[in-house]
Amino acid sequence: MLFLSLLSMGQAYPSLDLSGNPDTIKLDGASGYFELLYRTQTELDRQLVMTQINSSLEQQSWTWVRVLEMVPTSSLTGRLVVGIKENTTGTPRWCVFLSLLTGRHRLVYQYGPGAVPKSYTVSGNATIYPGKRTFVTLSGSEQGVTYDLYQGAALQASLPGTGGPLNFLVTTGGNYTIKATRGDVSRDMNGSARVSYYGVLEGKIVVAASPRVMLSKDGEIKAIPFTLAPDYPQGRAELEEMTRSILAGECVTWDSTFFLGFVTPESPLEGQVVIGRGPNCSDTTKQSFLVLNLVDRILIQALQAPGGILEVYNLSGGGEIAEGSTGTVTLSGQQPFVDYQLYCNDVRVEGARISNQRFSGLRGYGHYRVKACQDGREAWMNGEVGIWPEITRSVVGGGGTIRNSQPVSITLPGSQSILTYRLLKGGTVVASRAGTGGVLSFSVSETGTYTMEAGLQDYFVPMTGSVTVDRDNGIHYTSTEPHVVETIYLDPTTSGDGARTINNVTYLDGFGRKLQEIQVNASPGNTSDIVKACRYGVLGRVEREHVPYALEGNHGGFVRDALSPARWKMFGESESGYMYTLTGYDNSPLDRVVKRTGPGKNWHENGKGVTTDYGLNRANEVRLYRVSGDGSLVLSGYYAAGSLQKVTVTDEDGKRVETYTDNQDRTVLVVNVEGDDNRLETYSVLDDRGLLRYVLPPEASARVGTTSTRETEAIRLFGYYYGYDRFGRLILKQLPGCDPVYLVHDKRDRLVMSQDGKQRAGNADKWSYSLYDGKNRVVETGEVVLTGTDRSHRDLQDAASGSDNYVPAGNRVPLQYTLYDNYTATGDVPVLAFQPTTGYASGYHDLVTGLVTSVRTRVLGASPEKWLITTTYYDDRCRVIQTVSDNVEGFTSRVDVKYDFAGNVVQQRESHQVSASRTDVLESENTYDDRGRLLSSTTRLNGGSPATVVYTYDAVGRLVSRKLGNTTETLAYNPRGWLTSKESTPFKMKLRYESPSGGGVACWNGNISEWEWQQGMNVALMYGFTYDGVNRLKETTQKQKSGTTWSTLAGSYLERGLTYDRNGNLKTLQRTAGGTLVDNLVYTCTGNRLTSLTENVSSTLAGDVYSRGGTASGTYAYDKNGNMTNDSRRALDFGYNVLNLLSEVKTVGGELKAKYDYLADGTKLRV
């Protein structure tokens, strides 16, 4: 055997005693080292010993193990440090170390890597009593390893490794060790844990009475005398330590709901075991036991029968407490060992403990209640008490009179920052705010008697006194001057007292003519009146009508120097003397105006006004057209000289319009004069009944012959024709370039049928129809394909004229039904239910006679047939407050509207359900001043961040700024109120009229002469515009600003060469981009319709608006109603619905490019 061979080699092996080591040393397969304790009888050469041992190991081929060092701890003892190599063989291996002095060997066994459990340390020395829970702890563990706890040789518990420390629960004394096992490999963990009993339990305590205690079911405390052994002085301390552990719930034999205490009031050797418990509110007997003497087996046992109840006591205490003080809540009684829990505002006060029926030291403010808890039962004590800060009752001051809509203040001389202060009007809270620690003020705009209260949460106490607020209506009119006062209420009122109003005063002269119209406090800010004054001439005619101005502090009084130029200083010093319209009259009793010059210094100084000349027609000046019996237009020469009134109006730029009227003041001819020889004439031709039959625009007037009908080319392409029946009702209407529209009326003169050219071309029997109720209201509209024999226009008109409830015979396709007067659904019109929305009307007014209540409308072109319903609800003033409608997604949309008393929309909410789980909500809020000017508008989508626009006005109410987010846009005007500039940081622009700065032609009549703009910090650019004699754009120029001068822009973008026909249709246009001609367009019209467009420039440059591509010209086609149906250049076809609205766009090949869905009322649903 190997052992024998080793022993035979003993003479070469050192004489060591290795008995101080385990018989078998088990090692993991990893490389490392271990130590062996040794002992010798004589001092040895350590190097020689290491050489002998390693040589012996090598002889046995144990080369994986080698002594590295021999560390002496004395001359005869020490440690061998042995190194090992990693076991890569895959199987366990071993070697032997000899202990020659004892004749025994030590086996070293190395497993494969990871086979031997790692070594961890055992801890957990403790002192316990029977039933006390403690833990033996292992400092670490490995997954896949089982750890066994032993008390001596007896297995107590097993736990699997977790990768972390392990805790073993033990309740009995003894010495505990732990062994780790992986597969068939076990290893003892380092160390052990000693769990011992308290010494006082080893016969050092004697109980004088019976250790069995029976407590009352309603709760009781009992005591058992005991004596401690005098030779064990530490017994008292151990009992106190045991008490703390037991009451902490660490004893498995003692129910912690029982109280247990060891009391030694006088003698350190004598005392009492105190046992108690609250009422047993459970359904079972409660019991606990505890071993007090291990030697004599003394066991204390506590028992309590079920059936106890929780007593309900009354609460008291609380009140106001000074700063820095605390409050107390008191119970009228207390049961022993019951858990009394204190709550403040229904939240438990953590850490609050009851003592002698009191919860003391309370600093939190609020409502306090107490709940008793025992054995899973709960009972609230009677009542609640409040603890509040001490509140100072200050005196309310302020108030007074509201003047000019300026609010007044209601104040307190002092306030406490911890409190909330509320303002009450008639006992109703109207405002609240937090205390400031100083003076507190509320701003009030409503009249009434006001009080204040202060408090916290819901505890409020009144402040001292009250104040009254009244209102000065702001009118201080001059009673000595004739006047009329108009008062408009902005708030609902029955007596008029205290309601907000706006007031207007009109002062009259002795003839009842208006001298001054004053809007009292109407200027933004409510401190200035807006005054409009006029001046009369000696004949009582208005000569000067002045632009309104703002006058501060007037409050409706008569303005003595109302026409002083200083009143208009807000418009500029140079303009203040010209802020009026000057009217000149002829010298006749007819009081005809011959010249009117509007506001503005430039206009007055340059004599730029609108003049009017009066006269009569000359011979051969105005053609006389008549309408024959068959409706033909016949030229019958000219109106005799002097038979027509002629009025010539010349504007500020010298452009003339002549109007000729007959002796019944009916317009016969209007002429726009372009230059000296181009007269654009529009004739209106009436028949013998005075009915308008033809309108001949300039092109028609120039082309029509001596005899024409509505089929004549000049009339068909350019003119308007109207036909009537014998009752003077319009039955035929023909517009330029369109087929006629036939109209049919019933006996009540109501339009019941119509047919346009497109309907007639598709099916001569297809008409549009309308049905009415007894109150002449349309209740059904649609299309009908007639049946029967009498289907001509004349036949239909004859049939309808004899009926006061005409229904066409045929196949009707209804497009819309309408319900009036009530919300009772019919077979044709359902009603969608009203649904109150928070913040809006809670109900609707059901007296809605004469109002549309619900409409059912067809979706045009939908297949299968689809209808949408819209129901409208009103308030008692017939204002729409909610609209409920079906939407195109198949769900419901709802719009709520809220108004103020004056009728302004102050809130609006749109909700659109778009799917089963999603509803989009758009909300807007508006604010206004007393004159109804919009001050702000705030919009939110789905409760998101608000987008607000704020509006500001000047003293006379003109909009001067708009603030959108962080960007403010300002606006300015000239003396006539024409917009002259609009500026913001991203973009600025200016409009010029009579004062061009870049060399343009001045325009006095309102045409824009120059438009300047600037983006950010870029250089300013400008367009100049020129117009022809009838105010049509003729050409443009573009310039760039350099310092204070303008220079022509070389790479300009212009439109020029614009020419027109007599009707104003464009004939030619040239366009440049970057200074290069990119478009040279020629427009060809048939009538007023563009039928061909020719591009004479082939260009692909940027800025080319109309790129000709490979085709120089394109043609355009139209349907019978004048709608464009084809664009040959783009190869597109256009389709229209019955309302003549574009419904689809297709390529000529039939590919759909766009589709438009509409309701039958013209509402576009989607694209």
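Counting the sequence shown from 1 gives a position; this note's numbering is that position plus 192. We put the CB at the ideal spot given by N, CA and C, even for glycine.
In the DSSP assignment, E735 is bridged to no other residue. Segment contact: the segment 743-750 against the segment 623-638, fewer than three CB-CB distances shorter than 8 Å; contact not assigned. Put simply, the backbone Cα of R1254 is about 9 Å away from that of R871. With 16 or more other Cβ atoms inside 10 Å of its own Cβ, S1201 counts as buried. If you compare the alpha carbons of T435, F360, R374 with that of Y390, the shortest gap goes to T435.
Straight across, the Cα-Cα distance linking L616 with V1097 is about 28 Å.
By the 16-neighbour rule on beta-carbons within 10 angstroms, Q233 is exposed. In its chain, beyond the 5 residues on either side, Y777, D778, T804, Y806 have a beta carbon closer than 8 Å to the beta carbon of R784.
L486 and V392 have their C-alpha atoms spaced approximately 9 Å apart. Secondary structure at D987: helix, using DSSP grouped into helix, strand and coil.
Leaving aside the five residues that flank R908 on each side, the residues in its chain whose CB is nearer than 7 Å to its CB run, in chain order, R902. Per DSSP, reduced to three states, the secondary structure at I438 is helical. With distances taken between CA atoms, H937 lies nearest to R918 out of N1280, K1347, R918, G590. Taking C-alpha positions only, V1152 is separated from E765 by approximately 20 Å. Separation of the CB atoms of V933 and L963 is rounded to 20 Å, and the pair is thereby denied contact status at 8 Å. Under DSSP, R298 takes part in a beta bridge, and its partners are F289. Burial check for D721: the Cβ neighbour count within 10 Å reaches 16 or more, so the residue is buried. C-alpha of E1336 to C-alpha of G1327: approximately 5 Å in a straight line. Between L648 and W580, the CB-CB gap stays under 7 Å. For the pair G1243 and K838, the Cα-to-Cα distance works out to about 49 Å. Residues R238, V241, M242, G270, L272 of the same chain have their beta carbon placed closer than 7 Å to that of M262, with the five preceding and five following residues left out of the count.
When DSSP states are grouped into helix, strand and coil, E844 belongs to the coil group. For the 7 Å CB-CB criterion, S637 and P684 do not form a contact.
Taking C-alpha positions only, T1162 is separated from K1155 by approximately 9 Å. The residues Y914, G915, Y916, L935, in chain order, have a CB closer than 8 Å to that of L922 in the same chain once the five nearest residues on each side in sequence are set aside. Around the beta carbon of D1311, 16 or more other beta carbons lie within 10 angstroms, which makes this residue buried.
The way I'd put it, the segment 731-739 doesn't touch the segment 711-721; fewer than three beta-carbon pairs between them come closer than 8 Å. When secondary structure is reduced to three states using DSSP, N794 falls in the helix class. In this structure, R1086 is the residue among Y1091, W959, R1086 with its C-alpha nearest to the C-alpha of R1101. When DSSP states are grouped into helix, strand and coil, F454 belongs to the strand group. When secondary structure is reduced to three states using DSSP, W1238 falls in the strand class. Contact annotation, E744 with K800: C-beta distance approximately 33 Å; criterion of less than 8 Å not satisfied. Contact annotation: V1047 and Y1066 have beta-carbon atoms that are not nearer than 7 Å. Of all C-beta pairs linking the segment 326-346 to the segment 370-377, three or more are shorter than 8 Å, placing the two stretches in contact. Non-local beta-carbon contacts of S609 in its own chain, meaning distances under 6 Å to residues more than five positions away in sequence, involve G627, G629 in chain order.
Three or more beta-carbon pairs separated by less than 8 Å are not found between the segment 1019-1033 and the segment 977-989, which leaves the two stretches without contact.
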